[in-house]
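Engineer: Residue numbers (our numbering), protein chains in the order written: chain A, 1 to 203; chain B, 204 to 406; chain C, 407 to 609; chain D, 610 to 812.
1) Chain B beta carbons: is any one of them nearer than 8 Å to that of residue 763 of chain D?
2) Examine the Cβ distances between the region 11-22 of chain A and the region 156-165 of chain A and report whether three or more of them are shorter than 8 Å.
3) Decide if residue 358 of chain B is buried, meaning its Cβ has at least 16 other Cβ atoms within 10 Å, or exposed.
4) Closer than 9 Å by beta-carbon distance: list the chain C residues that pair up with residue 255 of chain B, in chain order.
5) Would you mind giving the Cβ-Cβ distance between residue 640 of chain D and residue 783 of chain D, rounded to the nearest angstrom? I have them listed as a contact below 8 Å.
6) Rounded to the nearest angstrom, how far is the Cβ of residue 113 of chain A from that of residue 127 of chain A, given a contact under 8 Å?
7) Between the C-alpha atoms of residue 506 of chain C and residue 151 of chain A, what's the straight-line distance to the nearest angstrom?
8) When burial is assigned at 16 or more other CB atoms within 10 Å of the CB, is residue 35 of chain A buried or exposed?
9) Out of C:543, C:417, C:413, which one is the CA nearest neighbour of residue 450 of chain C?
10) In chain D, what lies closer than 8 Å to residue 106 of chain A by C-beta?
11) Taking the beta carbon of residue 461 of chain C as the centre, do at least 16 other beta carbons fall within 10 Å, making it buried, or is it exposed?
12) What three-state label does DSSP hand residue 275 of chain B in the structure shown?
13) Please check if any C-beta of chain A sits within less than 8 Å of the C-beta of residue 803 of chain D.
14) Run down chain A in chain order and give the residues with a C-beta less than 7 Å from the C-beta of residue 532 of chain C.
15) With distances taken between CB atoms, is the gap from residue 136 of chain A to residue 77 of chain A smaller than 8 Å?
16) Check whether the Cβ atoms of residue 273 of chain B and residue 240 of chain B sit closer than 8 Å, and answer yes or no.
17) Taking the C-alpha atoms as reference points, what is the distance between residue 297 of chain B and residue 226 of chain B?
18) Any chance you could list the beta strand (DSSP E) runs of at least 3 consecutive residues sitting entirely within the region 68-131 of chain A, in chain order?
19) 8 Å is my cut-off, CB to CB: does residue 69 of chain A come that close to chain B?
20) Name the DSSP bridge partner or partners of residue 568 of chain C?
21) Restricting to Cα atoms, I'd like to know which of B:342, B:285, B:347, B:217 is closest to residue 323 of chain B.
22) Among C:468, C:446, C:459, which has the Cα closest to the Cα of residue 452 of chain C?
23) Counting along the chain, where does the beta strand (DSSP E) carrying residue 628 of chain D start and finish?
24) Measure from the alpha carbon of residue 517 of chain C to the alpha carbon of each residue in C:578, C:434, C:411, C:592, then state which is nearest.
25) Which residue from D:657, D:732, D:688 puts its Cα closest to that of residue 493 of chain C?
26) Is there a Cβ of chain C sitting closer than 8 Å to that of residue 121 of chain A, yes or no?
27) For a contact meaning CB atoms closer than 9 Å, what does residue 575 of chain C contact in chain D?
28) Just the chain B side, please: which residues come within less than 9 Å of residue 89 of chain A by C-beta, in chain order?
29) Pull the bridge partners of residue 556 of chain C from the DSSP assignment, please.
30) When the distance is taken between beta carbons, is residue 341 of chain B closer than 8 Å to residue 293 of chain B?
31) Please list the partners that residue 354 of chain B has in chain D, where partner means a Cβ-to-Cβ separation under 8 Å.
32) With distance defined between alpha-carbon atoms, name the residue in A:176, A:178, A:109 nearest to residue 188 of chain A.
33) Using the Cα positions of residue 805 of chain D and residue 171 of chain A, report the straight-line distance between them to the nearest angstrom.
34) Cβ of residue 630 of chain D less than 8 Å from any chain C Cβ?
35) Quick check on residue 101 of chain A - is its C-beta less than 8 Å from some C-beta in chain B?
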C-alpha cells in the first residue's frame, strides 16, 4: 500500500436515495486525506443468497462486489440499525461475500470500519454489535475504535439529500478514516514474529 | 382460537429447493396434531426493504406476507445460521414486516417459535440469538422453550430433498408445536389482571 | 395469585449506596398499586459461584436468594450496564440461581421485568440484551415490553441518594409494573390448550 | 518486545480447583515456545466492583491485577460459558480493570486471546460472543482467529485435575499462542501510517 493510494470501498446498508448512510459514504470520500479515496458500490444489485444460484456460479454483481472487496485496502460499512440488527440488503451482500466454498472470502483479514447514524440517542449501538458478530466469521479485522455512532442524525444531515453537513461530525469522520488507514497499515506486512515462527518451523 | 384450528405460518430462512429449513416447515405440517396446520410462505418474492418503495405503498408480496402474519395464530421461523447471524432474505422480510409507520407491525405480540439446524455441533445457537434480538423489537412473543437447535443435520435430513427423516427429531418438533400452541393460548384473552387494571383506570 | 398480593422481588445490579438502580427498586415499591409490593434483596452477600463450594451445599445467602426468587410472583432486575454487559455481582447471583444440578432453578418460567438507567443516551441497551440472553437459559419469562431504558439519568435521579425523582419516569415505572402483573398473570394457570393436550395424551 | 520474552497473563474464569479453564492456562505455559511464558492470576481475590470502594482507592488485589495486565504483552482469558454468558468472577474482574475514571484501563489496546471449553457441542460459542462485546469497550485488541472453542471437553481433559491431556488440542493451543504472539507484534510499533499522520499534523 502506497499511502498516496489508500483505497476504501464504501458500502451503505440503506437503499433509499436520500439515505444518510449513503451520505456517510459520500462524506468519507470528501473529508479523506488526498492520498485516500472512498468508492461506493450499490448493494441494490445483489440478489438474495441462494445456494442453488451459487452452484451455477456467482451472479455478476456478486463477482464484482467480491472483486472490489478483494482489491480495496479497507472496507467502510455505513449502516442503519433496523430492529436491533442490520438491513436485509447488507446481510445478503455479506451472505454472498463471506462464502468460501469455491473461493476464499475476500473479507478474510480485510480491515473494516463501521459507522452508523440514528435519529434517536442509541446511534445504532445494537446493530453495530450484530455486524461485528457477523464479521468475526471470516474473520475480518474490524477496527475496534474510534467507534462512529452518530446519534440524533436529524440535526447532522440534510434530510433532503442525506448529505452529512455537521462540521463536527465530518471532522470525526476524518479522524476515523485516518485511524482506519493506520489500522490497515498494521496488517500489511508479515511481522517479525511471523518471520521468527517461519524460521522455527523450517529449523 | 378454536383448538381445532391452530394456524401456524411457516417461514423458511433459506431459498434453495432442498433446504432443510423448508424441510422443517413441511415436517411441522405433517407432525402437528390434526387441529393444527402449518402453511408456508416463500420469502423469495419479498424485495429488499427500501423506504422510497415503501413511500409508494407496500409491494404486493409484502402486503400479502403482513396479512398472513396478522391472520395466523403463531409464526414458525425455521432458519439456518449464516455467519453467526441469519440470512438476508429473512432479515429483509422482517425489515418489511416490522415497520409500523403507516400500519402497526403484525408481529407485535405475535407468538413465534424458532427452529434451526446446522451441519456442526452448535445448531444455529448464535443465529437464533440474533433472531430473538430482532423479534424483541415489535416485540413478538418468542417462545423461550423448548428450543429447537438441531445439530449434525446431515444425519437427520434427506439431503436430496431436505425432508426431516429422523424420528426422534420429528417427535421433538411435535412437542415443540404443542408447546407453541400452549404458549399462544396464554396470550389469547385479556387476563383478569388486565380486567382489574381496567377497572382501576375507569374508577 | 391474589391480586391484592402481587409480590415482586427487586434485585439491583449495583452495590454502591447511592446507586440509581437501588433507587429504581425503592421507587418500584413506592409507585406500585396497593396490591403490589417490591421487596429488595442485597446481592452483596452472594459469593462468587464456585463448584467446589456448591458441592458442599449452597451457601446461606444463596439458599435465601433462591428461596425468595421461588416464592415471589415476579422478579424486577434493575441493573446498570458495565462495559456493554452487566455487573459481576448480578452475574454471580445469576450463576448461582440458574444452577439446576441438585435442584431446579427458581428462575425457570419465572416472570421477570428488566429496567436500567444510564447517564448517556443509550440507557443500558446493550447490557439489557446480555441480561435477556442469560435469562433465556432457565428460561425465565422475561417481559418483552414495555422496556425501561432510562437515558440521561442525572436529570432524573437525586444523585446524593439515588432516589428516582422525575415524575414522568415514576409514572413510566408504574405502568411497567402494571404490565408486569398482567404478564405474570398469563403464566399463572394451566391453559385450556394444556388441558386439551393432557386429554389427548391420556386418550 | 524481545521475542525471547513474550509474557502472557492467563486469567481463568472458573474458581474450582479442578477447572478445565485453569487447565488451559497451565497448558498454555507448557506448550508455548521457549521464548513465551504464561503466568496465571487467581481472580478469587478480586472483590465485586463497588464504586464506594473505588472512591477509597482500588483494593490491593485490583491494583495488582491492573498492574499485571499493564505489564504483560498479551492476556489469555480461558473461560467457561455460564448461562450463555461468562461467570460473575470474570465479569467482576473486568468491571474493575475496565474502569478509567482515575487511571486509563490497562486493557485499552491490549492484545487478548480467548479460549473456552464445554462438555457439549457448542464450545462456549455464546459466552465468547459476550466476552468479545465486553472487551470492545476499552477497546482491547481481541484476536479474531484462530478461535479456540473446545467441544466435548470430557474427552480432552483429565477431570480429576483439569489437565488438558488431548494431544491434538494441545497442538491447537500451541498454534493459537503463536498466532497471539504475531497478533501482538502487529500492535507493537507505531506504523508508517502513524508517522505519515504525525508529519501531516505538524506540517
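We treat Cβ as the ideally placed atom computed from N, Cα and C, and that holds for glycine.
Structural biologist: So, from the data block:
1) By 1-based counting over the fourth chain, the position of residue 763 of chain D is 154. At a cut-off of 8 Å between beta-carbon atoms, residue 763 of chain D makes no contact with chain B.
2) yes
3) Position 155 of the second chain, counted from the first residue, corresponds to residue 358 of chain B. The residue in question, residue 358 of chain B, is exposed, as its Cβ has fewer than 16 Cβ neighbours within 10 Å.
4) Position 52 of the second chain, counted from the first residue, corresponds to residue 255 of chain B. Under the 9 Å cutoff, chain C gives no residues; its nearest Cβ is about 28 Å from residue 255 of chain B.
5) Position 31 of the fourth chain, counted from the first residue, corresponds to residue 640 of chain D. Position 174 of the fourth chain, counted from the first residue, corresponds to residue 783 of chain D. Confirmed, about 4 Å.
6) For the purposes of this step, residue 113 of chain A is taken as residue 113 along the first chain, with counting starting at 1. For the purposes of this step, residue 127 of chain A is taken as residue 127 along the first chain, with counting starting at 1. In fact, because the Cβ distance is near 15 Å, the residues do not count as touching under 8 Å.
7) Taking the third chain and counting its residues from 1, one reaches residue 506 of chain C at position 100. Taking the first chain and counting its residues from 1, one reaches residue 151 of chain A at position 151. Computed Cα separation, rounded: 43 Å.
8) As a working note, residue 35 of chain A is residue 35 in the first chain. Burial call: exposed.
9) Numbered from its first residue, the third chain carries residue 450 of chain C at position 44. Cα-wise, what sits closest to residue 450 of chain C is C:417.
10) Indexing the first chain from 1 puts residue 106 of chain A at position 106. Here the premise fails: no neighbours, minimum Cβ distance about 16 Å.
11) Here residue 461 of chain C refers to the residue found at position 55 of the third chain. By the 10 Å Cβ count, residue 461 of chain C comes out exposed.
12) In the second chain, counting from the first residue as 1, residue 275 of chain B sits at position 72. In this structure, residue 275 of chain B counts as coil in the three-state DSSP scheme.
13) Position 194 of the fourth chain, counting from 1, holds the residue named residue 803 of chain D. In this predicted model, residue 803 of chain D has a pLDDT of only 48, less than 50, meaning its place in the structure is not dependable enough to derive any value.
14) Counting from one through the third chain, the residue named residue 532 of chain C turns up at place 126. Correct list: 125, 126, 129.
15) Here residue 136 of chain A refers to the residue found at position 136 when the first chain is read from its first residue. Here residue 77 of chain A refers to the residue found at position 77 when the first chain is read from its first residue. For the 8 Å CB-CB criterion, residue 136 of chain A and residue 77 of chain A do not form a contact.
16) Along the second chain, one-based indexing puts residue 273 of chain B at 70. Along the second chain, one-based indexing puts residue 240 of chain B at 37. It is not a contact, given that the beta carbons lie outside the stated cut-off.
17) By one-based count along the second chain, residue 297 of chain B stands at place 94. By one-based count along the second chain, residue 226 of chain B stands at place 23. Cα to Cα, the separation comes out at about 21 Å.
18) 74-78, 111-117
19) In the first chain, the residue the question calls residue 69 of chain A occupies position 69. For residue 69 of chain A, the answer is no, since every Cβ of chain B falls outside 8 Å of its Cβ.
20) Position 162 of the third chain, counting from 1, holds the residue named residue 568 of chain C. The partner list for residue 568 of chain C (beta bridge, DSSP) is empty, contrary to what the question assumes.
21) Here residue 323 of chain B is taken as the residue at index 120 of the second chain, counted from 1. The shortest Cα separation from residue 323 of chain B among B:342, B:285, B:347, B:217 belongs to B:285.
22) Reading the third chain from its first residue, position 46 is the one you call residue 452 of chain C. The candidate whose alpha carbon is nearest that of residue 452 of chain C is C:468.
23) The count along the fourth chain starts at 1 and reaches residue 628 of chain D at position 19. Looking at the DSSP string, residue 628 of chain D is not in any beta strand (DSSP E), and its letter there is neither H nor E.
24) Here residue 517 of chain C refers to the residue found at position 111 when the third chain is read from its first residue. Nearest of C:578, C:434, C:411, C:592 to residue 517 of chain C, Cα basis: C:592.
25) Numbered from its first residue, the third chain carries residue 493 of chain C at position 87. The candidate whose alpha carbon is nearest that of residue 493 of chain C is D:657.
26) Against the first chain, residue 121 of chain A aligns to sequence position 121. Yes, residue 121 of chain A counts as interfacial toward chain C.
27) Residue 575 of chain C sits at position 169 when you count from the first residue of the third chain. Correct list: empty, because the minimum Cβ distance to chain D is about 22 Å.
28) Within the first chain, the letter at position 89 stands for residue 89 of chain A. Going along chain B in sequence order, the residues near residue 89 of chain A (Cβ under 9 Å) are 251, 252, 253, 291, 294, 295, 298.
29) Indexing the third chain from 1 puts residue 556 of chain C at position 150. Paired residues: C:523.
30) Locating residue 293 of chain B in the second chain gives position 90, where the first residue counts as 1. Locating residue 341 of chain B in the second chain gives position 138, where the first residue counts as 1. Going by C-beta atoms, residue 293 of chain B is not nearer than 8 Å to residue 341 of chain B.
31) Along the second chain, one-based indexing puts residue 354 of chain B at 151. Simply 730.
32) For the purposes of this step, residue 188 of chain A is identified with residue 188 of the first chain, where counting begins at 1. Selected option, being the one with the closest Cα: A:109.
33) Residue numbering aside, residue 805 of chain D sits at position 196 when the fourth chain is read from its first letter. Residue numbering aside, residue 171 of chain A sits at position 171 when the first chain is read from its first letter. Its pLDDT being 48, under 50, residue 805 of chain D is placed unreliably in this model, and the coordinates cannot settle the point.
34) Along the fourth chain, one-based indexing puts residue 630 of chain D at 21. Chain C contact via Cβ: absent.
35) Counting from 1 along the first chain, the entry for residue 101 of chain A is found at position 101. With 8 Å as the cut-off, residue 101 of chain A does not count as an interface residue toward chain B.
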